[in-house]
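Remarks on the structure that follows.
In our numbering, the protein residues as written are 318 to 427.
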């Protein structure tokens, strides 16, 4: 059964900067990435506030700012205790991009 959705590949590189990628691509050091960029769309993506991996990826996946999905750091305080724990997907509010694609019959591979 076809979902009618066009195939898409999203390549997101955590911490990668076009200040580094573009000169390497021009020098021929990133031939595969250069080909993907030339045949598709490529652009810098501003980070979140705070500019950290966990909130940034959660914002990418949900389209929500950290205040909307609730992920602000790698860890959260444990209520009523003097310790922290690592956050996980169950702590994130909001439906993910991958879930939304699945909802309309698309196939997702992460």
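We treat Cβ as the ideally placed atom computed from N, Cα and C, and that holds for glycine.
Could you check which residue in the options has the C-alpha nearest to that of residue i?
i, options, result
"residue 402", "343, 384, 410 and 393", "393"
"residue 341", "331, 421 and 354", "354"
Where do the ends of the beta strand (DSSP E) carrying residue i lie?
i, result
"residue 444", "Residue 444 lies beyond the stretch modelled for the chain, which goes from 318 to 427, so this question has no answer here."
"residue 392", "392–394"
To the nearest angstrom, how far is it from the Cα of residue i to the Cα of residue j?
i, j, result
"residue 363", "residue 321", "31 Å"
"residue 346", "residue 381", "35 Å"
Are the CB atoms of residue i and residue j nearer to each other than 8 Å?
i, j, result
"residue 369", "residue 336", "no"
"residue 329", "residue 377", "yes"
"residue 387", "residue 412", "no"
"residue 373", "residue 365", "yes"
Keeping to the same chain, check which residues put their C-beta closer than 8 Å to that of residue i; ignore five residues upstream and five downstream.
i, result
"residue 450", "Residue numbering for the chain in the displayed model covers 318 to 427; residue 450 lies beyond these limits and cannot be assessed."
"residue 383", "365, 366, 367, 372, 375, 376 and 389"
Beta-carbon within less than 7 Å of residue i's beta-carbon, same chain only, minus the 5 sequence neighbours each way: which residues are those?
i, result
"residue 407", "none"
"residue 425", "415, 418 and 419"
Tell me where the alpha helix (DSSP H) around residue i begins and ends.
i, result
"residue 379", "370–379"
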